[in-house]
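So in the working numbering the end of the sequence shown lands on 252, straight run, no missing numbers.
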Amino acid sequence: MRILLANPRGFCAGVNMAIECLEECIRTFGPDIFVYHEIVHNKYVVDRFSRQGVTFVDSISEVPQGAILLYSAHGVSPEIREQARLRDLRTIDATCPLVTKVHIEAVKYAQAGYNIVLIGHEGHDEVIGTMGEAPESITLVETPDDVDQLTFTTADKLAY
């Protein structure tokens, strides 16, 4: 089988938006900016911003009170937003609009009484953020074995 790859390949629109957002923040505020997790899953992009002075953190407690914090393209949970608020951080949201749409849909379906099946990888930024929107309503499925463990009935309202 012959596989052809488009060249050049670029980033999706959400990744481009997040990168442009961070570049604009650097122009506006200087490089003393903190980013929650990696801005995007690309070592070269993260290293470039690190060399410019941007700090990537895995915990809100790593960000000095009152500092500028940018949320990555992957989104964050309401819990992270609340932690940032309590630290009086100036937040900028670079979440991909498609990720935001998933968060909104999760809340909508949870409020309507649905059980939500989320297919993804535990510990992945997008999964953590989405599950944080409606933790009691979302079941994570990573493998075919996880599907076999689901216990929903035909009477249950499901969204996926």
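By construction, the Cβ of each residue, glycine as well, lies at the ideal position given by its N, Cα and C atoms.
By a beta-carbon distance limit of 8 Å, residue 176 does not contact residue 187. Their separation comes to about 13 Å. The beta carbons of residue 179 and residue 155 sit about 7 Å from each other, so the pair counts as a contact at 8 Å. For residue 148, the enclosing beta strand (DSSP E) covers residues 147–149. Put simply, the stretch 116–125 does not touch the stretch 98–105. Fewer than three CB pairs are less than 8 Å apart.
Listed in chain order, the non-local C-beta contacts of residue 114 below 8 Å within the same chain comprise 125, 127, 131, 141, 146, 162, 186, local neighbours out to five positions each way being set aside. Residue range 189–203 is occupied by the alpha helix (DSSP H) that includes residue 192.
Less than 8 Å separates the beta-carbon of residue 191 from that of residue 167.
For residue 139, the three-state secondary structure derived from DSSP is helix.
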